[in-house]
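Participant:
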Amino acid sequence: MSASDTNQKRKTWLTKDKRPIVIAGPCSAETEEQVMETGKRIAQTGKVDIFRAGIWKPRTRPGTFEGVGVKGLPWLQKVKESTGMPLTVEVAKASHVELCLEFGIDILWIGARTSVNPFVVQEIADAVRGVDIPILVKNPINPDLALWMGAMERFMAVGIKELGAIHRGFSNLGETYYRNRPHWQIALDFKRQMPDIPLINDPSHICGRRDILQDVGQKAMDLDFDGLMIESHIDPDNAWSDAKQQITPEVLGQMITDMILREDYENEPELQSPIESFRQEINLIDDELINLLSNRMTVARQIGAYKKKNNMTILQQKRWNDIIEKSKKQAAKSGLSEQFIMSFIKAIHNESIDQQEKVYKSE
Ligand code: PEP
Ligand code: MN
1 MSASDTNQKR
11 KTWLTKDKRP
21 IVIAGPCSAE
31 TEEQVMETGK
41 RIAQTGKVDI
51 FRAGIWKPRT
61 RPGTFEGVGV
71 KGLPWLQKVK
81 ESTGMPLTVE
91 VAKASHVELC
101 LEFGIDILWI
111 GARTSVNPFV
121 VQEIADAVRG
131 VDIPILVKNP
141 INPDLALWMG
151 AMERFMAVGI
161 KELGAIHRGF
171 SNLGETYYRN
181 RPHWQIALDF
191 KRQMPDIPLI
201 NDPSHICGRR
211 DILQDVGQKA
221 MDLDFDGLMI
231 ESHIDPDNAW
241 SDAKQQITPE
251 VLGQMITDMI
261 LREDYENEPE
271 LQSPIESFRQ
281 EINLIDDELI
291 NLLSNRMTVA
301 RQIGAYKKKN
311 NMTILQQKRW
321 NDIIEKSKKQ
331 AAKSGLSEQF
341 IMSFIKAIHN
351 ESIDQQEKVY
361 KSE
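If you're matching positions, the sequence shown starts at 1 in my numbering and goes up one per residue.
1. Using C-beta distances below 8 angstroms, list every residue in its chain close to R262, excluding the 5 sequence neighbours before and after it, in chain order.
2. What residue from L173, V22, S294 has the CA that sits closest to N201's CA?
3. So, with DSSP's three-state summary, where would you put S232?
4. Determine which residues share a DSSP beta bridge with T88 and list them.
5. So, does the segment 248 to 268 touch the segment 56 to 74, judging by three or more C-beta pairs under 8 angstroms?
6. Quick check: the Cα distance between V79 and E30, rounded to an integer number of angstroms?
7. Is DSSP giving F170 helix, strand or coil here?
8. The beta strand (DSSP E) spanning G253 covers which residue range?
9. Which runs of the alpha helix (DSSP H), 4 residues or longer, sit entirely within the segment 305 to 345?
10. State the DSSP-derived secondary structure class of S241, mapped to helix, strand or coil.
11. Taking the straight line between their C-alpha atoms, what separation do you get for M36 and S277?
12. Should C27 and Q246 be called a contact, given that it needs their Cβ atoms to be closer than 8 angstroms?
13. Taking the alpha carbon of K93 as the reference point, which residue from Q122, D106, I186, G169 has its own alpha carbon closest?
14. For F225 and T12, what's the separation of their Cα atoms in angstroms?
15. Tell me, please, which residues DSSP counts as bridged to V131.
16. Should E363 be labelled buried (16 or more other beta-carbon atoms within 10 Å of its own) or exposed?
17. Taking the alpha carbon of N117 as the point to measure from, which residue in I212, I133, D144, V128 has its own alpha carbon closest?
18. With a CB to CB cut of under 6 angstroms and the five nearest residues on each side skipped, what residues in its chain are close to M1?
19. Give me the residue from N310, A305, S343 with the minimum Cα distance to I323.
20. Which one of K47, G84, I135, K326 has the shortest CA to CA distance from S232?
21. Determine the direct distance from the alpha carbon of I124 to that of P134, and round the result to whole angstroms.
22. Go to L199, then tell me how far its beta strand (DSSP E) extends in each direction, as first and last residue.
23. Just the C-alpha distance for N142 and M152, rounded to the nearest angstrom, thanks.
24. Taking only the alpha-carbon atoms, compute the straight-line gap between N172 and K326 and give it to the nearest angstrom.
25. Can you tell me the Cα-Cα spacing of R209 and D242, whole angstroms?
26. In three-state DSSP terms, what is G46?
27. Taking the beta carbon of D253 as the centre, do at least 16 other beta carbons fall within 10 Å, making it buried, or is it exposed?
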């Protein structure tokens, strides 16, 4: 199919006008029957806009299932023919792009292990230059907003107009609750910096397990995400990849039905004005917090000058241990989570060290 053919008649799928955009399908295409049956049952839910399936699978270690490859593309075409759902497939190199275009794949997605690599993203961008095809870009596996945005910019630069971002969480040493830690703030920073690109949450790869998918998906909706990508398989326990996180099409349908969809109502003054006075109060408290922090740093610099004069290290381990212990106790009493208090106090401590270092370096 030529670029101009696709230009003519295609629909816009990655849009802020339809919320939530739901993308679902198996982690991997395994057999023709599995793909067809999943497609049929997903379409029956009436809740899914776009059908996904991995054809080439970037597994972390070799020796696991690495995807069926090109022979799976005609299976996807059949799903589209019988259900009308547009298709999305992960591409990780230029040859994948060519095959997807040849087999009428509607939307390409860039996986987390690819968006991490500017060389590969550029290779894929060059392969879609002049083609009107929507592209979804997953966040890179490491928590780096610039890399994610950089991948978007590479596609914009070759003329791609319809882009979507997928937040799938970030690798983290020792994480146990999530498979990939969400770091929601990075997704929100993305949304702030690239507000026109629909932001889609992928609870499947964040959670790595079924029991918390609904919670994470709901949180994304409450953070005003535009859509969800969820892995669904007819026989999740026996899936060839990502078995623990997949759900049946029927469970998926129920999950979307149960999502509570709230709106931001940012342009409705009668809804916004009652919270205005609370917001003013919060602004005053924030001002106070910043003033207090600034006062704290003034004291830290005075201590820094004393330590420097007496040839003492900036870090005094015993004192720092005491602060941590004291803060933990205060967290319990104040109803704030220990995790929050710890990251807060560590951020303050880091700044305090930086300020003292400046004192050490000054004449
Ligand atoms: C996937 O969607 O199946 C996949 C491999 O995802 P990620 O790139 O997020 O790991
Ligand atoms: Mn997967």
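Using N, Cα and C, we set each Cβ at its ideal position, and we do this for glycine too.
A quick note: this is a predicted structure, and the numbers were derived from the prediction, not measured.
Facilitator: Quick look at the numbers:
1. On the sequence shown, position 262 is the one that residue 262 refers to. Hits under 8 angstroms: M221, D222.
2. Counting from 1 along the sequence shown, the entry for residue 201 is found at position 201. Checking every option, the nearest Cα to that of N201 belongs to V22.
3. Counting from 1 along the sequence shown, the entry for residue 232 is found at position 232. Strand at S232.
4. The count along the sequence shown starts at 1 and reaches residue 88 at position 88. Per DSSP, the beta-bridge partners of T88 are R52, I107.
5. In this structure the segment 248 to 268 does not lie against the segment 56 to 74, because fewer than three pairs of beta carbons, one per stretch, are closer than 8 angstroms.
6. Walking along the sequence shown from the start, residue 79 turns up at place 79. Walking along the sequence shown from the start, residue 30 turns up at place 30. Those two C-alpha atoms are separated by around 14 angstroms.
7. The residue you call residue 170 lines up with position 170 of the sequence shown. When DSSP states are grouped into helix, strand and coil, F170 belongs to the strand group.
8. Looking up residue 253 in the sequence shown gives position 253. Not the beta strand (DSSP E): G253 falls in the alpha helix (DSSP H), residues 249 to 258.
9. Whole alpha helix (DSSP H) segments, 4+ residues: 317 to 334.
10. Within the sequence shown, residue 241 is the residue found at index 241, counting from 1. Correct three-state label for S241: coil.
11. Looking up residue 36 in the sequence shown gives position 36. Looking up residue 277 in the sequence shown gives position 277. Their backbone Cα atoms lie some 55 angstroms apart in a straight line.
12. The residue labelled residue 27 in the question sits at position 27 within the sequence shown. The residue labelled residue 246 in the question sits at position 246 within the sequence shown. In this structure, C27 lies near Q246, with their beta-carbon atoms less than 8 angstroms apart.
13. Locating residue 93 in the sequence shown gives position 93, where the first residue counts as 1. Here the closest residue by C-alpha is Q122.
14. Position 225 of the sequence shown, counted from the first residue, corresponds to residue 225. Position 12 of the sequence shown, counted from the first residue, corresponds to residue 12. Approximately 18 angstroms, taken between the alpha carbons.
15. To locate residue 131, count along the sequence shown from 1; it is residue 131. Paired residue(s): none; V131 is not in a bridge.
16. What you label residue 363 is simply residue 363 of the sequence shown in a count that begins at 1. Only exposed fits E363, as fewer than 16 other CB atoms lie within 10 angstroms of its CB.
17. The residue given as residue 117 occupies position 117 in the sequence shown. Of I212, I133, D144, V128, the smallest CA-CA separation from N117 is found for D144.
18. As a first step, residue 1 is located in the sequence shown; it is residue number 1 there, counting from the start. Residue placement at M1 is flagged as unreliable, the pLDDT there being 46, under the threshold of 50; the coordinate-derived value follows with that caveat. Excluding five sequence positions before and after M1, none of the CB atoms of its chain fall closer than 6 angstroms to its own CB.
19. For the purposes of this step, residue 323 is identified with residue 323 of the sequence shown, where counting begins at 1. Of the listed residues, the one whose Cα sits closest to I323 is S343.
20. Translated into positions along the sequence shown, residue 232 becomes position 232. Looking at the Cα atoms, K47 is the closest of the given residues.
21. If you number the sequence shown from 1, residue 134 lands on position 134. If you number the sequence shown from 1, residue 124 lands on position 124. P134 and I124 have their alpha carbons spaced roughly 13 angstroms apart.
22. Position 199 of the sequence shown, counting from 1, holds the residue named residue 199. Unbroken beta strand (DSSP E) run through L199: 199 to 201.
23. As a position in the sequence shown, residue 142 is number 142, starting the count at 1. As a position in the sequence shown, residue 152 is number 152, starting the count at 1. Pairing N142 with M152, the inter-Cα distance amounts to about 16 angstroms.
24. Residue numbering aside, residue 172 sits at position 172 when the sequence shown is read from its first letter. Residue numbering aside, residue 326 sits at position 326 when the sequence shown is read from its first letter. Their Cα atoms are separated by approximately 28 angstroms.
25. Mapped onto the sequence shown, residue 209 falls at position 209. Mapped onto the sequence shown, residue 242 falls at position 242. It is roughly 9 angstroms from the alpha-carbon of R209 to the alpha-carbon of D242.
26. By 1-based counting over the sequence shown, the position of residue 46 is 46. Coil.
27. The residue given as residue 253 occupies position 253 in the sequence shown. The sequence as given places Gly at residue 253; Asp does not occur at that position. By the 10 Å Cβ count, G253 comes out buried.
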